[in-house]
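Student: The following block contains the structure, expressed as structure tokens.
There are 2 protein chains.
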Amino acid sequence: MTDFALWTRAVQARIEAALARALPAPELEPKRLHEAMRYVSLGGGKRVRPMLALAAAEAVAADCALTEAAACAVELIHVYSLTHDDLPCMDDDDLRRGKPTCHVQYDEATALLVGDALQSAAFEILAEAGATAEMVALLARAAGSRGMCGGQAVDLASTGKHLDLAELEFMHIHKTGALIRAAVLLGALSSGRLADDRRAALEHYAKCIGLAFQVMDDVLDAEADTATLGKTAGKDAAQGKATYLTLMDIREARGYARELIDDALAAIAPFGERGQRLAEIARFIVERQY
Amino acid sequence: MTDFALWTRAVQARIEAALARALPAPELEPKRLHEAMRYVSLGGGKRVRPMLALAAAEAVAADCALTEAAACAVELIHVYSLTHDDLPCMDDDDLRRGKPTCHVQYDEATALLVGDALQSAAFEILAEAGATAEMVALLARAAGSRGMCGGQAVDLASTGKHLDLAELEFMHIHKTGALIRAAVLLGALSSGRLADDRRAALEHYAKCIGLAFQVMDDVLDAEADTATLGKTAGKDAAQGKATYLTLMDIREARGYARELIDDALAAIAPFGERGQRLAEIARFIVERQY
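Residue numbers (UniProt numbering), protein chains in the order written: chain A, 1 to 290; chain B, 1 to 290.
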């Protein structure tokens, strides 16, 4: 196993343990809600956003309790968005991370409250670790109507419509890019201070890998089968959603993702050795199979 | 018009203006989402929670930009919870504040995203005004699974069941009490510091008025007609929800609310003249007709 593979496993175990500690125990009332919050948050997920937060902290030589809290907070925002996305009024999906989605396993009202409560939990964890107002505001903007939620609204509105590359990337920069950017910046900000040039470099890195991640998602959605993906495959195309593959073929899409990753790697070159994990994550994004 | 009535109107106008400024403009993309966020947040509402935040700030001689931000943040958490509560998988209500509910006026997916984005907006507004980590954590806990969301889960689980007074009050202390407490404490904390005895007094005040508010909600829901209430009347009883009126008659309920208010007034007596608005709000809660 490569050093990077070992590191990703260590991060996954660390985040799993941190989330298990941070989320309310299933014995606490209301038990069903707490059990469902743990059902969607624990025992799965690639934990790409926590990896990014920890890797960005490493790039600026920080790794403290606040770094881990930031990593957990972005992951909980991500998990809440998946839970709400899967609801019948949104993507109406039955399968997530190889398990029944929350509203299938529990019920719709519980899935709604689980997402709502996980969003609160993200801010609670971040604030309890002593985050600055700047960090809280950054996460809130990334999650809100000018970030992730806004991207989902654009996604919904564009179903069945043809989007050009600029429109498609506007959607992705909001829907998934905003939270990836927040993961990287919060990790780096957990060190206390972040010089403007370093911040700009990390923002460019985040933008490029966020888009590359989405390009590869579309490629994998078209190529993979449901079992490998852990969620329903081929669904985007079937639902008439705009994807990169309506604008280019799979070979071109893979090439575009590789270009974006090269751009990301160039942006973080000034971090030298300390940027190793960020570089490895970028490469992993174009090489992943699921 | 009494001095208190003038004050409530001034607060309502101030909060309306502050929310109109703080929420993204309807011309910004995604326009439909931003328009819907404004639809549910502006042009209505008693603004009881902002009144409490401003009155608590007055009690400790504070009123700054952070006070107003705290008032807006708790109101947005309240508005998001109403938007999600009204969804078909929850209370399935068509009417709110005398207008069609968000999922009726727009659609379910939009109403879901509106609630999600308003929760983010609450934390964004609070953090951008320079809130401390303590204030952010307090709001997050009040909104989350051990606060408001938890109370809603208990409410759902107890529909059709008989609750005794202790169980009913456990639900209300979470479902509505947690956010009322947050409004009072955030208003007071916006002054910078809050002595322990003052904090305890305000917490007791908040607990009493929160319960009294709920007792009166049940009384008014049973007595009022839909037009006066601005939402569907008599619905709780029709849905088999536990209310105070399954445990006592209307006369007893009114008496109980009055006792709670007397208790709240005693708690804030040490604030003297500065506690005048808090006292007036407490009295308003038992005297209100809608």
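In this text, a Cβ means the ideal position worked out from N, Cα and C, and glycines have one as well. Here the structure is a predicted model, which means the values were calculated and not measured.
Going along chain B in order, which residues have a C-beta closer than 7 Å to the C-beta of Val136 of chain A?
Tutor: Phe123, Ala127 and Val136
Student: Chain B beta carbons: is any one of them nearer than 9 Å to that of Glu108 of chain A?
Tutor: With 9 Å as the cut-off, Glu108 of chain A counts as an interface residue toward chain B.
Student: Between the segment 2-11 of chain B and the segment 73-85 of chain B, do three or more beta carbon pairs fall short of 8 Å?
Tutor: no
Student: According to a CB-to-CB cut-off of less than 9 Å, which residues of the segment 73-85 of chain B neighbour chain A?
Tutor: Ile77, Tyr80, Ser81 and His84
Student: Using a Cβ-Cβ cutoff of less than 8 Å, which residues in the same chain neighbour Pro88 of chain B once the five nearest sequence positions on both sides are dropped?
Tutor: His103 and Glu108
Student: Answer yes or no: does any C-beta atom of chain B fall closer than 9 Å to that of residue 293 of chain A?
Tutor: In the structure as shown, chain A starts at 1 and stops at 290, and residue 293 of chain A therefore has no counterpart that could be examined.
Student: Give the single residue among A:Met216, A:Ile268, A:Ala266 and A:Ala279 whose Cα lies nearest to the Cα of Met248 of chain A.
Tutor: A:Met216
Student: Output, in chain order, the set of chain D residues within a Cβ distance shorter than 7 Å of Pro100 of chain A.
Tutor: Considering every chain present, this structure includes no chain D. Its protein chains are A and B.
Student: How long is the line joining the alpha carbons of Gly43 of chain A and Gln12 of chain A, rounded to whole angstroms?
Tutor: 10 Å
Student: Sorted by chain position, which residues of the same chain lie with C-beta nearer than 6 Å to Glu134 of chain B's C-beta, five sequence neighbours on each side aside?
Tutor: Shown here for Glu134 of chain B: not one same chain residue has a beta carbon closer than 6 Å to its own, the five before and five after excluded.
Student: Considering Thr8 of chain B, what are the terminal residues of the alpha helix (DSSP H) in which it resides?
Tutor: Asp3 to Ala22
Student: Can you name the residues of chain B whose CB is closer than 9 Å to the CB of Asp197 of chain A?
Tutor: Around Asp197 of chain A, no beta-carbon contact reaches into chain B at under 9 Å, the shortest distance being about 24 Å.
Student: Any beta carbon from chain B within less than 9 Å of Arg274 of chain A's own beta carbon?
Tutor: no
Student: Comparing alpha-carbon positions, which option in A:Ile281, A:Leu126 and A:Ala62 lies nearest Gly210 of chain A?
Tutor: A:Ile281
Student: Along chain A, in chain order, which residues have C-beta atoms closer than 9 Å to that of His204 of chain B?
Tutor: Within 9 Å Cβ-Cβ: nothing; His204 of chain B doesn't reach chain A, min ~23 Å.
Student: Using a cut-off of 8 Å between C-beta atoms, extract the partners of Arg32 of chain A located in chain B.
Tutor: Ala153 and Ala157
Student: In the DSSP output, which residue or residues are listed as bridge partners for Arg96 of chain A?
Tutor: A:Lys99
Student: Report the residue from B:Arg146, B:Pro26 and B:Lys207 whose alpha carbon sits nearest the alpha carbon of Arg38 of chain B.
Tutor: B:Pro26
Student: Given this structure, state the Cα-to-Cα distance separating Glu169 of chain A from Lys241 of chain A, to the nearest angstrom.
Tutor: 13 Å
Student: Cα-Cα, which of B:Gly275, B:Ala17 and B:Leu23 is closest to Ala117 of chain B?
Tutor: B:Leu23
Student: Note down, in chain order, every chain A residue with its Cβ under 7 Å from the Cβ of Leu179 of chain B.
Tutor: Residues of chain A passing the Cβ test: none, with the nearest at roughly 11 Å.
Student: Using a Cβ cut-off of 9 Å (strictly closer), state whether Thr132 of chain B contacts chain A.
Tutor: yes
Student: Would you please state the rounded distance, in angstroms, between the beta carbons of Ala69 of chain B and Ile15 of chain B? I believe it to be under 8 Å.
Tutor: 11 Å between Cβ atoms; not a contact.
Student: Could you give the distance in angstroms between the alpha-carbon of Pro100 of chain B and the alpha-carbon of Val40 of chain B?
Tutor: 10 Å
Student: If I'm right that His174 of chain A touches Gly147 of chain A with Cβ under 8 Å, what's the distance once you round it to whole angstroms?
Tutor: 6 Å
Student: Nearest chain B C-beta to Arg146 of chain A closer than 9 Å, yes or no?
Tutor: yes
Student: Going by alpha carbons, who is nearest to Ala18 of chain A out of A:Leu126, A:Asp86, A:Asp196 and A:Ala188?
Tutor: A:Leu126
Student: What does Gly150 of chain A touch in chain B if you count any residue whose Cβ is under 8 Å from its own?
Tutor: Glu29, Pro30, Leu33 and Ala117
Student: Applying the criterion that 16 or more other CB atoms from any shown protein chain within 10 Å of the CB defines a buried residue, is Arg288 of chain B buried or exposed?
Tutor: A residue is called buried once 16 or more other Cβ atoms fall within 10 Å of its Cβ, and Arg288 of chain B, having fewer, is exposed.
Student: With burial defined as no fewer than 16 other Cβ atoms inside 10 Å of the residue's Cβ, what is the status of Leu84 of chain A: buried or exposed?
Tutor: For clarity, residue 84 of chain A is His in the given sequence; the question names Leu instead. Looking at its Cβ environment, which holds 16 or more other Cβ atoms inside 10 Å, His84 of chain A is buried.
Student: With distance defined between alpha-carbon atoms, name the residue in A:Val74, A:Asp3, A:Arg258 and A:Val136 nearest to Leu179 of chain A.
Tutor: Nearest C-alpha to Leu179 of chain A: A:Val74.
Student: Please list the terminal residues of the continuous alpha helix (DSSP H) segment that includes Ala206 of chain A.
Tutor: Asp196 to Glu223
Student: Judging by CA-CA distance, which residue of A:Thr176, A:Arg141, A:Ala183 and A:His204 is the nearest neighbour of Asp155 of chain A?
Tutor: A:Thr176
Student: With 9 Å set as the bound, which would you pick, yes or no: does the beta-carbon of Phe170 of chain B sit closer than that to a beta-carbon of chain A?
Tutor: yes
Student: Could you compute how far the alpha carbon of Gly45 of chain A sits from the alpha carbon of Leu76 of chain A?
Tutor: 11 Å
Student: I believe Ala129 of chain A touches Ala212 of chain A by the beta-carbon criterion, under 8 Å. Please report the beta-carbon distance rounded to the nearest angstrom.
Tutor: The Cβ separation is near 30 Å, so there is no contact.
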